[in-house]
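**Q** Numbering (the working numbering), first residue to last: 94 to 232.
#1: Pull up the distance between the alpha-carbon of residue 171 and that of residue 186, whole angstroms please.
#2: Please classify residue 166 as buried or exposed, where buried requires at least 16 neighbouring CB atoms within 10 angstroms.
#3: Just to confirm, is the Cβ distance from residue 233 to residue 168 under 8 Å?
#4: In the DSSP assignment, what are the bridge partners of residue 155?
#5: What separation, rounded to the nearest whole angstrom, lies between the Cα atoms of residue 155 and residue 108?
#6: Can you check which of these residues, 149, 135 and 202, is closest to residue 114 by C-alpha distance?
#7: For residue 297 and residue 221, what's the separation of their Cα atoms in angstroms?
#8: Taking residue 143 and residue 123 to be in contact with their CB atoms under 8 Å, please state how far apart those CB atoms are, rounded to whole angstroms.
#9: For a test of the three-state rule: what should DSSP assign to residue 232, helix, strand or coil?
Below, the structure written as structure tokens:
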């Protein structure tokens, strides 16, 4: 039996729910500062999203560090502590057969939204938007 070609290829409901459970558990561990790493000691790390692979064996966590523009050292420290964090996740994810391998990436969605917001506030765009409003009133 063949799959339908027009079918959406987004994450399954199981991937989404497991990703949210992993995100919640990771956020708790990071909030309690259970990692003994000097880089992460005073950092406020936020886990904004966790994407699970289709087989649920790899969890990619997207993180931001509040008040820091360069998140690379923090992501590197988190990836270094990934095995420890994987072990700390076990009590929270007892229903899973295997604990997912953790990978950390910088979440760039906040930066992208800030760039778009800055563009929308620029004088050129504001002028163009004013012209569009004037055209709509005259029509």
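For each residue, glycine too, the CB sits at the ideal point set by N, CA and C. Owing to the predicted nature of the structure, the values given are computational and were not obtained by experimental measurement.
**A** According to the structure shown:
#1: Taken atom to atom, the span from the alpha-carbon of residue 171 to that of residue 186 is near 19 Å.
#2: Per the 10 Å Cβ criterion, exposed.
#3: Here the chain comprises residues numbered 94 to 232, so residue 233 is not present and cannot be evaluated.
#4: According to the DSSP secondary-structure assignment, residue 155 is paired through a beta bridge with 142 and 198.
#5: Straight-line measurement puts the Cα of residue 108 at about 15 Å from the Cα of residue 155.
#6: Comparing alpha-carbon positions, the option among 149, 135 and 202 lying closest to residue 114 turns out to be 149.
#7: Coverage of the chain is limited to positions 94 through 232, which leaves residue 297 absent and any answer about it impossible.
#8: Rounded to the nearest angstrom, the Cβ distance from residue 143 to residue 123 is 12 Å, too far for a contact under 8 Å.
#9: Residue placement at residue 232 is poorly supported in this model, since its pLDDT is 48, which falls under 50; the coordinates still yield a value, given next. Coil at residue 232, not helix or strand.
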